[in-house]
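Here's the structure, in structure tokens; my notes come after.
Numbering (this note's numbering), first residue to last: 1334 to 1958.
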């Protein structure tokens, strides 16, 4: 017995006595950098999220669906340079409008204890733009073209001195249409043309006082071709024009040795305008067509945050105030009700580090909304780091996910026969997470469990109106391994979602497995790099409940494979690359829809959904001035 205790002690002592252990936040379980996105020729945020472990993506009837377990993108917080992006996703922003060409990397955080004004903290996507360079003048240009006639070009310019820094970038991207059958005119996915203009200015006022100003502008034109109208030579095409204009600023100033204050603000406009056109294929004559079922969208969003931060070795805290306002610019009022709301929030977080091995974090936010009243949102976590190679994190977070504007304000004709409900409450989410991180240096591994319980889920009632009548839950098991040296990087992952979409009605849980691998090889002396990405998604099954009827949707497995190789020339100023995109992938996969019955499910329809773009070969050219 004594010998047994001695062996146990010898196993534990190295974990306890390692002096380099530091407990820290380990919620960033996956990172995509610019090189990773180049492998799959990613052009927008929607395509980038497809590469994130745990995400499931497909398109049906021209509408994209991206989910993480039972969470939709509207329930996932997305930030750009630490400011809320696209109005917290509660107005249905098209993620294809958000470009990735200007990003340095994307971080994916699971159950991160943070100060969010609205959205769920179960999953947070953080986008970080490319920083300033120390060179007084620099520039770059790049071009990507593919065998499917896709084209992407951008030019960047940077100016810098001791006090002033300026980055300017312009970009144009064209993606061709996708057809279900060659030779047929109607499109599964319309061709897209996107134009971007980004500006980032930094003024080092005095000492460490810094002013940052960013301006992002995007215009996206999507063209959907229609079928020939029977017994005519006419077709009816649809053009959708998306616009996104953002102006943000941040003023940072230290007020003492350990304290600083940050004032941030953001103004954002988003629009989606539909145009239908009648066209005679013989004469080429075009005329506008009025479709009353198509609604334009337009929103204005304002945000401001005052943040006080204290950084010490053991005890740190942050506290502040947040204000936001969202307004519908197309329908200023519906049924004499103004289509806008405002939020006011006060928050505080504190963290304590004990002997570098125990990190305690806790905080709360008081959120007041002029429509839904007030909510108290606590959070807390504990991080244990008994050694430099072992770290265990546990956390609890209560958060909200707001309903979309149309579900709150719009009337029946504007909502495809469903009445809005101004009394809708946000979805309330309780998130529990356990994460184990092993290793350091070249080899690290993360495994964890994420449990998300959602209450007040919004569904269509028997009265054909939106109501908070449901509940759902997701239990996700994940493992991510990273092996990284100067020459080789390997990142395999495994995710297993256990989803219960109608927790209030049925105890049925569906399992959705995912396997993937990202691999890269870099040979600096030769200037050669190569990599590939493999994603395997198992059968995806989800339930929905409308008017007391439960429906089941089953989507066949999806596999995505992309391969990339690049060669640097002219002292690393010129880079030439080639990528094989969406290999071993079916563009279309089968979707079956059932009505859930007492004895057996009734098949309602089978159809094809868009799983990925067509297979293609892309050529990448970039030149650094």
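Note that beta-carbon positions come from the ideal geometry of N, C-alpha and C, so glycine has one too.
Check                                                                                                                   : Outcome
Span of the alpha helix (DSSP H), counted from its first residue to its last, around residue 1465                       : It is not in any alpha helix (DSSP H) - residue 1465 carries neither H nor E in the DSSP assignment.
Coil, strand or helix - residue 1746 by DSSP                                                                            : helix
Cα-Cα separation between residue 1427 and residue 1543, rounded to whole angstroms                                      : 32 Å
Residue 1741 in three-state terms, based on DSSP                                                                        : helix
Where the alpha helix (DSSP H) through residue 1372 begins and ends                                                     : 1367-1372
Nearest to residue 1487 (by Cα), restricted to the options 1919, 1478 and 1669                                          : 1478
Pairwise C-alpha distance: residue 1888 and residue 1867                                                                : 19 Å
Residue 1881 in three-state terms, based on DSSP                                                                        : coil
Proximity below 8 Å, CB of residue 1854 to CB of residue 1821                                                           : yes
Where the beta strand (DSSP E) containing residue 1700 begins and where it ends                                         : 1691-1702
As assigned by DSSP and simplified to three states, the class of residue 1379                                           : helix
Start-to-end residues for the beta strand (DSSP E) that takes in residue 1940                                           : 1935-1943
Distance between beta carbons of residue 1897 and residue 1863, contact taken as under 8 Å                              : 7 Å
Interface flag, residue 1940 vs chain D, CB-CB below 8 Å                                                                : Although the question refers to chain D, the structure presented lacks it and comprises just one protein chain.
Where the beta strand (DSSP E) through residue 1558 begins and ends                                                     : That residue, residue 1558, is in no beta strand (DSSP E); it is neither H nor E in DSSP.
Classification of residue 1599 by the beta-carbon crowding that lies within 10 angstroms, buried from 16 upward         : buried
Proximity winner among 1412, 1659, 1663 and 1699, relative to residue 1678 (alpha-carbon distances)                     : 1699
Distance between beta carbons of residue 1659 and residue 1674, contact taken as under 8 Å                              : 6 Å
Start and end residues, beta strand (DSSP E) containing residue 1680                                                    : 1673-1687
Residue 1952 (DSSP reduced to helix, strand or coil)                                                                    : strand
Same chain, Cβ closer than 6 Å to residue 1301, five either side skipped, listed in chain order                         : Any answer about residue 1301 is impossible in this case: the structure gives the chain only from 1334 up to 1958.
Inside the stretch 1743-1816 only - beta strand (DSSP E) runs reaching at least 3 residues                              : 1760-1773 and 1776-1793
According to DSSP, residues forming a beta bridge with residue 1505                                                     : 1486 and 1528
Selected residue, minimal CA-CA separation from residue 1754, among 1924, 1762, 1435 and 1735                           : 1735
Cβ-based neighbour list, residue 1645, same chain, cut-off 8 Å, excluding 5 preceding and 5 following                   : 1591
Residue 1408 (DSSP reduced to helix, strand or coil)                                                                    : helix
Where residue 1820 falls: helix, strand or coil (DSSP)                                                                  : coil
Residues bridged to residue 1892 [DSSP beta-bridge criterion]                                                           : 1869
Pick from 1892, 1482 and 1777 that is closest to residue 1361, judged by C-alpha positions                              : 1777
Rounded straight-line distance, which links the Cα of residue 1752 to that of residue 1282                              : Nothing in the structure corresponds to residue 1282, since the chain is present only between 1334 and 1958.
Buried versus exposed, by CB contacts within 10 Å (16 or more), residue 1661                                            : buried
Proximity winner among 1377, 1372, 1392 and 1847, relative to residue 1941 (alpha-carbon distances)                     : 1392
Per-residue burial, residue 1891 [other beta carbons within 10 Å of its own, 16 or more giving buried]                  : buried
Buried versus exposed call for residue 1405 [16 or more other C-beta atoms within 10 Å across all chains shown]         : exposed
Spatial neighbours of residue 1375 in its chain, beta-carbon cut-off 6 Å, leaving aside the 5 residues before and after : 1381 and 1433
Coarse secondary structure for residue 1904, derived from DSSP in three states                                          : coil
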